[in-house]
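Here's the structure, in structure tokens; my notes come after.
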Amino acid sequence: MVGSPSSPRGLFVGQDVASGQMVLHDVFQAYEDGLITSPNFVVLGDVGKGKSSLLKTWAVLRPLILAGRRAVVIDKKLQRWPDGTMSGENTMLARFFGHEPISFAIGGGLSCVNPLDPRISAQVDDPLDDADGGPPDRDPHDQRPAGQSMLLRAVLHRALDRSLTPREGKALREAHRSALRAGREQGREATLRDVHHALLHPDDVSARHAVTTADQLREWGRDSAYELDRLIEDDLRGLIDGPTTANVRLDSGLTVFDVSRLPEEGPALPVIMTVINTWLSNLLANDPSHTRTHFLVEEGWHLVAGPTAKVFQRNWKMARGLGLSNGVALHHVSDIPPDSPAIAMLKEAETVFVYGQARQDDADECLRLFGFPSSVRQAIRQLPKGVCLLKVGARPTLMVRHLRSDIETRLTNTDAGMTGAAAREREG
3 MVGSPSSPRG LFVGQDVASG QMVLHDVFQA YEDGLITSPN FVVLGDVGKG
53 KSSLLKTWAV LRPLILAGRR AVVIDKKLQR WPDGTMSGEN TMLARFFGHE
103 PISFAIGGGL SCVNPLDPRI SAQVDDPLDD ADGGPPDRDP HDQRPAGQSM
153 LLRAVLHRAL DRSLTPREGK ALREAHRSAL RAGREQGREA TLRDVHHALL
203 HPDDVSARHA VTTADQLREW GRDSAYELDR LIEDDLRGLI DGPTTANVRL
253 DSGLTVFDVS RLPEEGPALP VIMTVINTWL SNLLANDPSH TRTHFLVEEG
303 WHLVAGPTAK VFQRNWKMAR GLGLSNGVAL HHVSDIPPDS PAIAMLKEAE
353 TVFVYGQARQ DDADECLRLF GFPSSVRQAI RQLPKGVCLL KVGARPTLMV
403 RHLRSDIETR LTNTDAGMTG AAAREREG
């Protein structure tokens with residue numbers, strides 16, 4: 003059932019259960035060695051099986067030992083610490099590297115990342131959009147990550163709960179152009195508030211571009227404007243409606259975006275995650291240092307469902323050219339809608355870790371989607387905590403026991419809510 007030990011070149015993962023030998027794997031080294039064609043990876047497993055420990059060590063701490071590496075984490079899980087404070091579970095990791103997490107909360111006062119940030123490509127798509135107001139078919143050789151235009155459409159699609167019509171798409175493009183003009187003329191960043199104003203108050207320049215009247219263009223964009231108003235005044239207030247705050251930057255080593263204060267339901271999580279991923283991809287596209295970057299999202303189903311999935315898929319496909327390894331952790335493949343573009347996206351990942359899956363249908367989906375041999379069908383359901391199946395490209399599947407050093411164990415402990423202050427409160 004279990005294949006031969008791993009390549010001798012890579013980052014320490016753990017111990018091969020069959021042979022007792024070390025298992026090493028690094029996505030960038032494996033790509034250079036021709037073992038894989040994609041640096042992206044997926045981690046699957048039931049709650050409490052050890053996904054988080056693997057991600058914090060193999061995908062964050064261990065790569066940062068190497069020169070020319072950085073890690074960027076979207077931290078979604080809120081944790082209570084022994085001193086009673088609450089923040090994302092990667093807070094201690096960020097502070098270990100000398101940085102504070104970049105924190106977000108609805109209502110403002112913390113951090114904001116602007117979808118119209120000048121560092122995100124501002125090229126407005128041609129008016130040759132398809133029928134749902136989406137982007138035209140792109141040249142398959144186009145190596146640009148998603149830009150402002152694609153982000154705007156994803157945000158409005160999410161707000162309207164449907165695709166944009168061709169007229170709505172045209173109104174949005176003209177409002178985008180108008181917002182950028184306003185920003186340039188006033189010497190500042192354009193923001194979503196400029197787009198909202200331009201949708202309701204189109205100028206003559208926009209009307210001429212649209213070959214219509216300003217009144218007609220306003221009607222085309224009215225529904226989008228009203229929904230955008232709701233987002234920037236309510237659901238997403240303070241998150242993406244202003245200029246990018248100064249603390250939103252890539253630090254050396256580890257950068258943590260703490261989104262743990264955002265609600266599970268609603269547009270805030272998927273939108274902010276997608277904007278951050280696009281902001282990062284555009285920064286890397288223009289980074290002369292070509293620093294290899296590990297981008298990690300735990301509990302990442304918010305990125306792989308709904309209209310924002312297409313944006314993330316676009317950036318996912320650009321990974322090789324950007325020196326970027328995208329990593330997503332999920333509980334089950336069934337977390338993803340079957341018609342989501344994320345299914346194809348996950349199939350492209352050539353490094354797959356599967357921890358225990360209690361349900362047989364979830365185990366079977368892992369075999370089907372990732373090409374695990376049928377011989378591991380029952381093993382997937384019986385994997386103990388801390389043990390996973392590792393599939394790297396076409397190499398034989400390994401059963402790996404993930405191992406941590408003492409300092410890694412302290413830094414990656416996510417049980418504080420059960421063993422620290424929260425437990426003491428219950429005892430009292």
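Just so you know, we're using this note's numbering here: the sequence shown kicks off at 3 and counts up by one.
Cβ coordinates follow ideal geometry from the N, Cα and C atoms, glycine included.
According to the neighbour-count rule (16 or more other Cβ atoms, all chains shown, within 10 Å of its Cβ), is residue i buried or exposed?
i           : result
residue 331 : buried
residue 69  : exposed
residue 150 : buried
residue 434 : Lying outside 3 to 430, the shown extent of the chain, residue 434 is not represented and no answer is given.
residue 386 : exposed
residue 88  : exposed
residue 292 : exposed
residue 300 : buried
residue 408 : exposed
residue 142 : For residue 142, the predicted model reports a pLDDT of 44, less than 50, meaning its position is unreliable and no value from the coordinates is stated.
residue 248 : exposed
residue 77  : buried
residue 137 : Per-residue confidence for residue 137 stands at a pLDDT of 42, beneath the threshold of 50, marking its modelled position as unreliable; the derived number appears in the next sentence. It counts as buried.
Going straight from the alpha carbon of residue i to that of residue j, what length do you get?
i           : j           : result
residue 36  : residue 397 : 11 Å
residue 147 : residue 21  : 42 Å
residue 217 : residue 119 : 29 Å
residue 456 : residue 324 : Examination of residue 456 is not possible in this model, given that the chain is present from 3 through 430 alone.
residue 129 : residue 209 : Because the pLDDT of residue 129 is 36, which lies under 50, any placement of that residue in the model is unreliable, and the question is left without a value.
residue 414 : residue 122 : 33 Å
residue 479 : residue 275 : No information on residue 479 is available, as it lies outside the stretch 3 to 430 that the chain covers here.
residue 319 : residue 287 : 13 Å
residue 11  : residue 27  : 7 Å
residue 336 : residue 204 : 44 Å
residue 294 : residue 207 : 43 Å
residue 347 : residue 99  : 31 Å
residue 308 : residue 23  : 42 Å
residue 277 : residue 106 : 13 Å
residue 162 : residue 269 : 11 Å
residue 267 : residue 405 : 35 Å
residue 179 : residue 152 : 13 Å
residue 199 : residue 338 : 36 Å
residue 64  : residue 32  : 16 Å
residue 166 : residue 158 : 8 Å
residue 424 : residue 62  : Below a pLDDT of 50, predicted positions are generally treated as unreliable, and residue 424, at 37, falls in that range; the measurement from the model is reported next regardless. The alpha-carbon atoms of residue 424 and residue 62 are separated by roughly 27 Å.
With distances taken between CB atoms, is the gap from residue i to residue j smaller than 8 Å?
i           : j           : result
residue 187 : residue 212 : no
residue 18  : residue 25  : yes
residue 109 : residue 223 : no
residue 181 : residue 202 : no
residue 44  : residue 392 : no
residue 246 : residue 38  : no
residue 195 : residue 243 : yes
residue 411 : residue 375 : no
residue 184 : residue 219 : no
residue 197 : residue 230 : yes
residue 47  : residue 258 : no
residue 315 : residue 344 : yes
residue 79  : residue 262 : yes
residue 253 : residue 101 : yes
residue 280 : residue 250 : no
residue 67  : residue 260 : no
residue 60  : residue 95  : no
residue 402 : residue 389 : yes
residue 364 : residue 334 : yes
residue 273 : residue 310 : yes
residue 350 : residue 92  : no
residue 380 : residue 368 : no
Return the first residue and the last residue of the beta strand (DSSP E) that residue i is part of.
i           : result
residue 284 : Taken as a continuous stretch (DSSP letters only), residue 284 belongs to no beta strand (DSSP E), being part of the alpha helix (DSSP H) at 270-287.
residue 338 : Premise fails: residue 338 is in no beta strand (DSSP E) and is neither H nor E.
residue 76  : 71-77
residue 89  : 88-90
residue 438 : Any property of residue 438 remains undetermined from this structure, which presents the chain solely from 3 to 430.
residue 17  : 14-18
Could you tell me how far apart the beta carbons of residue i and residue j are, in whole angstroms, since I believe they sit closer than 8 Å?
i           : j           : result
residue 327 : residue 297 : 7 Å
residue 432 : residue 117 : Outside the displayed range of the chain (3 to 430) lies residue 432, so it cannot be described from this structure.
residue 255 : residue 82  : That pair is no contact at about 26 Å.
For residue i, would you say it is in contact with chain D, using Cβ-to-Cβ distances shorter than 8 Å as the test?
i           : result
residue 181 : Absent from the structure is chain D; it holds one protein chain and no more.
Going by DSSP, what residue range makes up the alpha helix (DSSP H) through residue i?
i           : result
residue 152 : 150-162
residue 223 : 216-232
residue 208 : 206-212
residue 27  : Where residue 27 is concerned, there is no enclosing alpha helix (DSSP H), given that its DSSP letter is neither H nor E.
residue 201 : 194-202
residue 171 : 168-188
residue 380 : 379-384
residue 314 : 310-319
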